[in-house]
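Residue numbers (this note's numbering), protein chains in the order written: chain C, 1 to 324; chain A, 1 to 354; chain W, 1 to 233.
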Amino acid sequence: MGDYFIQQVVNAVSAGSLYALMAVGLALIFSILRLINFAHGDIMMVAAYLVTFALFAGMPLPAALVFMVVCTVVIGLLMERIAYRPIRGAAEVAMLLTSFAVGQILQNGTLLVSRLAGQPIQIAFPAPEIVSGVVAFGAITVPKVNIVSFVTGAVLLTLLTVFVTRTRLGLSMHAAAEDLSAARLMGIRVNRVVATAFAISSGLAAVAGFLYASQAGQINPYLGFTPVLKAFIAAVIGGFGSLSGAVIGAYALGFLEVIPTALSGIADILPPGAVPPDVHDLLARVFPSSLGSYRDAFVFVFLILMLLFRPNGIVGGRGREEVP
Amino acid sequence: MSPRVAGPLVSILGLSVGLAVLDASGAAFWQGLVINLAIFTILVVSLNLTSGFTGVFSLGNIGFMALGAYISAILTLPLSVKSEYLPDLPPWLAGVHLDQMAGPLPVGWLAATLIAGLLVALVALLVGAVLMRLSGHFVAVATLGFLVIVRVILFNADGFTRGSRTFSNVTPYTNLWWAWAWALLVIYAVWRLKRSQYGRAMFAQRRDRWAAQSVGISILRPRLLAFVIGAFFTAVAGSLYAHFITSFSPTVFYFDLTFRVITMLVVGGMGSVSGSVIGTVVVLAVAEGLRRVEDVTLLYGLSGLLLAAFFIVIIIFRPEGIMGQREISFGRLAARLRSPRGGGGAEGAAAELP
Amino acid sequence: MLEVRDLHVFYGNIRAVDGASLRVETGELVAIIGSNGAGKSTTLKSISGLLRSRSGAIVYDGRDITDESTDGIVALGISHCPEGRRIFGRLTVRENLILGGVQRPAAEARRDVELVGDTFPGLRDRMKQTGGTLSGGEQQMLAIARALMSKPRLLLLDEPSLGLAPLMVEHIFEVIEGLKRQGLTILLVEQNVHHALDAADRAYVMEAGRITVEGRADALRHDPRIEQSYLGL
Chain C
1 MGDYFIQQVV NAVSAGSLYA LMAVGLALIF SILRLINFAH GDIMMVAAYL VTFALFAGMP
61 LPAALVFMVV CTVVIGLLME RIAYRPIRGA AEVAMLLTSF AVGQILQNGT LLVSRLAGQP
121 IQIAFPAPEI VSGVVAFGAI TVPKVNIVSF VTGAVLLTLL TVFVTRTRLG LSMHAAAEDL
181 SAARLMGIRV NRVVATAFAI SSGLAAVAGF LYASQAGQIN PYLGFTPVLK AFIAAVIGGF
241 GSLSGAVIGA YALGFLEVIP TALSGIADIL PPGAVPPDVH DLLARVFPSS LGSYRDAFVF
301 VFLILMLLFR PNGIVGGRGR EEVP
Chain A
1 MSPRVAGPLV SILGLSVGLA VLDASGAAFW QGLVINLAIF TILVVSLNLT SGFTGVFSLG
61 NIGFMALGAY ISAILTLPLS VKSEYLPDLP PWLAGVHLDQ MAGPLPVGWL AATLIAGLLV
121 ALVALLVGAV LMRLSGHFVA VATLGFLVIV RVILFNADGF TRGSRTFSNV TPYTNLWWAW
181 AWALLVIYAV WRLKRSQYGR AMFAQRRDRW AAQSVGISIL RPRLLAFVIG AFFTAVAGSL
241 YAHFITSFSP TVFYFDLTFR VITMLVVGGM GSVSGSVIGT VVVLAVAEGL RRVEDVTLLY
301 GLSGLLLAAF FIVIIIFRPE GIMGQREISF GRLAARLRSP RGGGGAEGAA AELP
Chain W
1 MLEVRDLHVF YGNIRAVDGA SLRVETGELV AIIGSNGAGK STTLKSISGL LRSRSGAIVY
61 DGRDITDEST DGIVALGISH CPEGRRIFGR LTVRENLILG GVQRPAAEAR RDVELVGDTF
121 PGLRDRMKQT GGTLSGGEQQ MLAIARALMS KPRLLLLDEP SLGLAPLMVE HIFEVIEGLK
181 RQGLTILLVE QNVHHALDAA DRAYVMEAGR ITVEGRADAL RHDPRIEQSY LGL
């Protein structure tokens, strides 16, 4: 029983780290451009493919990771230059739809390349040693990949915080996020700030891609869709636009997600005699084993509730009557 | 007879003749394509109503299509098939079989379609009452959430939907005539709506939320109306689709289809009913053409990629689409035909869409 | 130093500036006065590159900067302190100042941040406070100090007295006149005619996008046209 809950917590933290890396990237771009970059999930997917092919080609892990991050950042910068810069300042929805289109291009492009390379749609990820297997802490075993996810997330996010608060470029991003016109008047080169935001965002997504592939064990061109939605939800929970909020929201989401999974079949998990029989039956009926598969729906209902009642996130309060 | 009346009449007549020829020809591929065209037209025009008129972007419409497809299909399954195929249906549903015919008319299917449409409209009313208060990209993502929720429910309610397994054995009621009859009905209804006071309210609050409110135009009501009516027609399209393709699963009704419909909408012009028809034709033609190329070259994914690139080009260079918010005016077309510009002659009519 | 020739600026289809021409000589304080919506702020925004004019020319030190980007214009030595102050409320006073000097070498800029306290004593004790917690007058001081961080040769000041109490307005204009004495060239947009004409060497009156009156400030102070429009006489 204790094991079961520890496992759920570990899962929550692991998923949370992944969402945090993605959500921060989304929040970064949104705060400056007011653009929800739905192609973000597909950037992550492309990174997963890049590292997979690099590993297949025999590159040692460090080289493969560098290759993955560099290429992903380049793709992110190209994406900004070609698809987003021309429509900067356009209606929000136009930008959102464009990000979907970019995502489609990345998905189909990956499908094409993958097929040309003779690969099936779903490829098994050749997990390197560092993310395979488990580590034992006394009576508890924790999969290595969860530990790696958490540590990587923590390190990268700390570095990002230092960058944003201590460097002038980071400060410029803050300024641009708060008041783009005033930032321009300081002589801040908006194009450079935006490009930096995309570079950082893509880099984080790349790492998230590697972690996702390690956690899921296989990759396919459509894997980015659900994570980006989850990252969006995480960012909203934390108060969209705020980086620290995105991180908090991400871990909150990680925990929120395990609730249906943890509760599903709880009646079966409880040791016999722990609760009276009628409570046991009630639990079995309200939380059947199949509840876990409703996890995504559960998360979205939560999102909708948040958008309605607390659009400024958990911390932010009620905010204005309508979110613009 | 004024060109305003003659124009549409001539078009409908032309369409009927064309359909009759196609029907008689027995060319199954082209028939399928034209039926598909009708279904997509309904989807795009409905989305135009829901999102193009009001400016409130709903990404969840295909969820309504899915519900319409499943509800109508479950209703029309003949009893014998039902008991074998969907053994876990609750008794009140297991006994229903809307497969009656009145001569050549599939009244059972019509009833099933209407029921599905009304039920979905009800769902839309509830969902819309909640979501139509949001704006901009928040409503877009919230409605996307709705799409995901519908999909999850469809996957899990195996007793009704067979979950992830294919739902087949649907009677192929949909043919060229029914598909286009519904399409014309939807086009007409939405076009009339655009010109009504409701339509004006929708466009007013699209242009300027606060200004509209300050002159007493409610925000929620026009949006909700557009959302619900759009959902009804989308559900009808779902029923048409289900009874055309006769077997489907929840995976069909997801993001790719959503994006395809959005592309058609944007290409045609958000806010223009005739634009939606044109946009559908253009994108479907391009998509089909590209699919041939894919089949030949085995470069799967090429059509999706090029269509998405096409979408981006349109958004950057011509975001208002082909028609913007304007409509084809037969009056102006006729005037051009009668007095063509010097030297032009017939070329005036086709090129000069006002 | 600065010359604006026949400027036409549109917001969509609405003409905001209709053929305005003006000039600012080195060391001068030139004021543009006029009622709301006259196009004064729009003119400043065109000079600093926030807005693109449809036609006309803006020449600075003999160089055409009409289509120059804002960061290029800042690099050339023009700094715009915008209407409504627009300080970064979520950042501290120090961070606001650092951003003002973002184009300059970091070490130099940091030194100047410390020196800001000399000209603006009110800010010296508030370095760690976030901008949003400052009073209106302090925010205006911060905005001006921030604009000065880029070591401009020409300062564009947009409605510095807006929304401030009379005592604060006095104080602000003391600072402005002090800057002028130090040799800074200033183009000032103001609705407060009295103070503007006191501080300025020359002034322009703008109405409905056009320059209607121009002349030396002391002459304009007694000009019946001004008295009529603004003092209701």
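Just so it is clear, CB atoms sit at the ideal spot from N, CA and C, and this is done for glycine as well.
When secondary structure is reduced to three states using DSSP, Glu3(W) falls in the strand class. Contact of Val102(W) with chain C is assigned, a C-beta pair being separated by under 9 Å. Contact residues of the region 167-199 of chain C toward chain W are Arg168, Leu171, Ser172, His174, Ala175, Glu178, Asp179, Ser181, Ala182, Arg184, Leu185, Met186, Gly187, Ile188 and Arg189 (C-beta to C-beta distance below 7 Å). Of all residues in the region 299-330 of chain A, only Leu299, Tyr300, Gly301, Leu302, Gly304, Leu305, Ala308, Ala309, Phe311, Ile312, Ile315, Ile316 and Pro319 place a beta-carbon less than 7 Å from a beta-carbon of chain C. Using a CB distance below 8 Å, the part of the region 122-139 of chain A facing chain C consists of Val130, Leu131, Arg133, Leu134, Ser135, Gly136, His137 and Phe138, ordered along the chain. For His195(W), no chain C residue has a C-beta closer than 8 Å to its own C-beta; the minimum C-beta separation is roughly 23 Å. Neighbours of Leu144(A) in chain C, taken as residues whose beta carbon is under 8 Å from its own, are Leu229 in chain order.
Using beta-carbon distances, Asn220(C) does not count as an interface residue toward chain A, since no partner is under 9 Å. Contact annotation: Val113(W) and Met149(W) have beta-carbon atoms nearer than 9 Å. Taken atom to atom, the span from the alpha-carbon of Arg151(A) to that of Met306(C) is near 21 Å. Pairing Ile29(C) with Met79(C), the inter-Cα distance amounts to about 13 Å. The region 50-65 of chain W and the region 156-176 of chain W do not touch, with fewer than 3 CB-CB distances between them shorter than 8 Å. Note on the region 94-125 of chain W: whole alpha helix (DSSP H) runs with a minimum of 4 residues are 106-119 and 121-124, in chain order. Put simply, the backbone Cα of His195(W) is about 54 Å away from that of Leu303(C). For Ser239(A) and Leu118(A), the gap between their C-alpha atoms comes out near 12 Å. Contact annotation for Phe100(C) against chain A: Phe259 [CB-CB distance below 7 Å, chain order]. Using a Cβ-Cβ cut-off of 7 Å, Ser55(W) is close to nothing in chain C; its nearest Cβ partner there is about 22 Å away. At a cut-off of 9 Å between C-beta atoms, His171(W) does not count as an interface residue with respect to chain C.
Taking a Cβ-Cβ threshold of 7 Å, the residues of chain A close to Glu92(C) are Gly136 and His137, in chain order. Residue environment analysis places Ala200(W) among the buried positions, since at least 16 neighbouring C-beta atoms fall within 10 angstroms of its C-beta. Around the Cβ of Lys128(W), a 10 Å sphere holds fewer than 16 other Cβ atoms; the residue is exposed. DSSP places Met206(W) in the strand class (E or B) of the three-state scheme.
In this structure, DSSP gives Asp64(W) an extended state, which the three-state scheme calls strand. Three or more beta-carbon pairs separated by less than 8 Å are not found between the region 256-266 of chain A and the region 72-79 of chain A, which leaves the two stretches without contact. Distance from the Cα of Phe146(A) is smallest, within the candidate group Leu305(A), Phe317(A), Ala27(A) and Ile62(A), for Ile62(A). Taking a contact as a CB-CB distance under 8 Å, the pair Phe125(C) and Thr52(C) counts as one, their CB atoms being some 6 Å apart. For Ala117(C), the closest of Leu50(C), Ala83(C) and Leu18(C) by C-alpha to C-alpha distance is Leu50(C). Uninterrupted beta strand (DSSP E) stretches at least 3 residues long and entirely within the region 98-153 of chain C occur at 134-137 and 140-143, given in chain order. Taken atom to atom, the span from the alpha-carbon of Leu86(A) to that of Leu67(A) is near 17 Å. In this chain, the beta strand (DSSP E) harbouring Arg23(W) covers Ile14 to Val24. Straight-line measurement puts the Cα of Leu112(C) at about 35 Å from the Cα of Val134(C). Note on geometry: alpha-carbon atoms of Asp88(A) and Val56(A) lie some 39 Å from one another. Between Ala234(C) and Ala20(C), the C-beta gap is smaller than 9 Å, which places the two residues in contact.
Checking the DSSP bridge columns, you'll see Leu29(W) partnered with Ile186(W). For Val9(W), the pairing in a beta bridge is given by DSSP as Val17(W).
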